[in-house]
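FYI, in UniProt numbering the residues of the sequence shown are 1 to 318.
Report on the following structure.
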Amino acid sequence: MVGNLKERDLPELPQTWGTGLCPRHVNKLETGKRAVNMLQSYTPTTMAPTDTTEDMSLTILSLAEPLLAADDSADRLTKSSLGAELDHYKDLFSKLRFSYVEQVTKERFLKAIVADPPHLVDAAENARLEQHLAQAKAALKAKKEHTNQKVQELQDLGTRLAQCTHSSYTASHSTLTLIKAHELIHLQTTQLHALPADIQNLDITIANLKAAQETPSSHPMLNLPLQPTNSLLAEKLSDLARLDREIAELQSTLPDKKRRVASLQADLEPIESRKRSAITEAKDAQKKRGQHVLAQDLDERGKWLKSVDTGLRLMLQV
Numbered sequence: 001m002v003g004n005l006k007e008r009d010l011p012e013l014p015q016t017w018g019t020g021l022c023p024r025h026v027n028k029l030e031t032g033k034r035a036v037n038m039l040q041s042y043t044p045t046t047m048a049p050t051d052t053t054e055d056m057s058l059t060i061l062s063l064a065e066p067l068l069a070a071d072d073s074a075d076r077l078t079k080s081s082l083g084a085e086l087d088h089y090k091d092l093f094s095k096l097r098f099s100y101v102e103q104v105t106k107e108r109f110l111k112a113i114v115a116d117p118p119h120l121v122d123a124a125e126n127a128r129l130e131q132h133l134a135q136a137k138a139a140l141k142a143k144k145e146h147t148n149q150k151v152q153e154l155q156d157l158g159t160r161l162a163q164c165t166h167s168s169y170t171a172s173h174s175t176l177t178l179i180k181a182h183e184l185i186h187l188q189t190t191q192l193h194a195l196p197a198d199i200q201n202l203d204i205t206i207a208n209l210k211a212a213q214e215t216p217s218s219h220p221m222l223n224l225p226l227q228p229t230n231s232l233l234a235e236k237l238s239d240l241a242r243l244d245r246e247i248a249e250l251q252s253t254l255p256d257k258k259r260r261v262a263s264l265q266a267d268l269e270p271i272e273s274r275k276r277s278a279i280t281e282a283k284d285a286q287k288k289r290g291q292h293v294l295a296q297d298l299d300e301r302g303k304w305l306k307s308v309d310t311g312l313r314l315m316l317q318v
C-alpha cells in the first residue's frame, strides 16, 4: 500500500504554512497554531501507537520556534540576511513536507488495512507506479532547475537595476548640488551688484535725517542723542514691565478682596439693622421721657395751685 502513494496524489500544502511562519508577519503565532491543528487533523483518532520510539518532535511550532523568537528586523534587511532566511525557509519546508507525507501515509495505510475487503496492490502495480513516480520526479527536477535558473536571472537583473538606480541617484544628487551652488553664487552676485545703490540710498536718508534734526525741538527728550535715548527707552520699558507686574499682582489679589468686602458687608447688615433699631428705641425713650417730665410739672403746678387756693380760703375765711 505504501508504494501506491505518489507526490501527485497528495494534496498541496496550505499557503498559510509558508506565510504564517514569516517573522515579519503580524499573526505569525496564530497562523502557526492553525497549521499545527491542520497537521494533527490528518492523524486518525482510531490509530493505535504502533511505534513507541517514534520521534514526534517534528511539528510546526518546534520548527518555527527560532522564527517566532526572532526580533522583527524588517527595517534592517540586508542581502546576506535575506539569503540566510531563504535557505532556512527551504530547509524548514522540506521538513514540513516530510512530516506531512508521513502523516498522510499513515492515514491511508490504516484505512487500507481496516477496509472491508482490504485494498491490496500487487508487485506489478507497484512497479508501474514506481516507474511513473520516477518520471514525475524527473520532470519535477527539470522544472525546479528551470525555476532556479529564472530566479538567478531575476536576481542578476535586480542587482544590475539596483546598481543603475544607485548610479542615477548619485549623478542626480551631484547635479542638484551643482545647480544649487550655481543659484547661490548667482544670488550673491546680484546682491553684490545692488549693494552700492543701497549704500547710496542709505547715505541720502542719513543726510535727510540730519537736516531734519537741525531745528531742535522745544521738548528736551526729543533732542537726546541715540545712546541716551536708548537708555531712556530701556528705563521706561523696565518701569512699564514693573507696572505690569504690579497690576498682575493686584489683579490676582482682587478676587480675595472682593470676597472679603462681601463678607464684611454681610457682617455689617445685621449691625446696621441693630443700629437703626437702637436709634428708634432711643427716640421713643426720649419722647416718653419728655412726656413724663411734662406730666410731673403739671402735677406740681396742680399741687401748688391747690395749696395757694387753700391758703387764700383760710386767709379770707371763705
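Glycine residues also receive a C-beta, built at the ideal position from the N, C-alpha and C atoms.
Small disclaimer: the values here were computed from a predicted structure and weren't measured.
Under DSSP, the alpha helix (DSSP H) around A127 begins and ends at which residues?
It spans 123 to 212 - the alpha helix (DSSP H) in which A127 sits, taken as one unbroken run.
Looking at the secondary structure, which residues open and close the alpha helix (DSSP H) in which H88 lies?
79 to 114
Alpha carbon to alpha carbon, what distance is there between I204 and A211?
11 angstroms
Nearest-angstrom Cα separation, counted from A162 out to Q142:
Residue identity differs from the one stated: residue 142 is Ala in this sequence, not Gln. Each residue's Cα considered, the two are about 30 angstroms apart.
Between the CA atoms of A207 and E235 - distance to the nearest angstrom:
29 angstroms
C-beta contact flag for A112 and H119 at 7 angstroms
yes
Can you have a look at D51 and say buried or exposed, based on whether 16 or more other CB atoms are within 10 angstroms of its CB?
Residue placement at D51 is flagged as unreliable, the pLDDT there being 43, under the threshold of 50; a coordinate-derived value is accordingly withheld.
Taking buried to mean at least 16 other C-beta atoms within 10 Å of its own C-beta, is L154 buried or exposed?
exposed
Considering only residues of the same chain and omitting the five flanking positions on each side of L305, which have a CB-CB separation below 6 angstroms?
none
Buried or exposed for Y100, going by 16 or more other Cβ atoms inside 10 Å?
Y100 counts as buried, since at least 16 other C-beta atoms from the protein chains shown sit within 10 angstroms of its C-beta.
So, helix, strand or coil for K258, using DSSP?
helix
Exposure of L178, with buried meaning 16 or more beta-carbon neighbours within 10 Å:
exposed
Helix, strand or coil for H292, going by three-state DSSP, please let me know.
helix
Inter-residue spacing [alpha-carbon to alpha-carbon] between E246 and S277
44 angstroms
Straight-line gap, Y42 to L157 (C-alpha atoms, nearest Å)
With a pLDDT of 46 at Y42, under the threshold of 50, the predicted position of this residue should be treated as unreliable, though the coordinate-derived value follows. For Y42 and L157, the distance between alpha carbons rounds to 42 angstroms.
Distance cut-off 6 angstroms: D256 Cβ against heavy atoms of the ligand SAM:
As presented, the structure is devoid of all ligands, the ligand SAM included, so that no description of it is given.
Given a threshold of 16 other Cβ atoms within 10 Å of its Cβ, counted over all protein chains shown, does L140 qualify as buried or as exposed?
exposed
Just to confirm my understanding: we take G18, look at its own chain, exclude 5 residues before and 5 after, and list those with CB closer than 8 angstroms. What are they?
A caution first: G18 carries a pLDDT of 43, below 50, which makes its placement in the model too unreliable to give a value.
Which residues in the same chain as Q296 place their Cβ atom closer than 6 angstroms to its Cβ, once the five residues preceding and following it in sequence are excluded?
none
If you draw a straight line from the C-alpha of E183 to the C-alpha of S174, how long is it?
If I take the Cα positions, the gap works out to 14 angstroms.
Rounded to whole angstroms, how far is the Cβ of L232 from the Cβ of L240, which I believe are closer than 8 angstroms?
Actually they are not in contact, since the Cβ atoms of L232 and L240 sit about 12 angstroms apart, beyond 8 angstroms.
When you compare only the Cα positions, how much space is there between M315 and R301?
21 angstroms
For S252 and K271, the rounded distance between their alpha carbons
The displayed chain sequence assigns Ile, not Lys, to residue 271. The alpha-carbon atoms of I271 and S252 are separated by roughly 31 angstroms.
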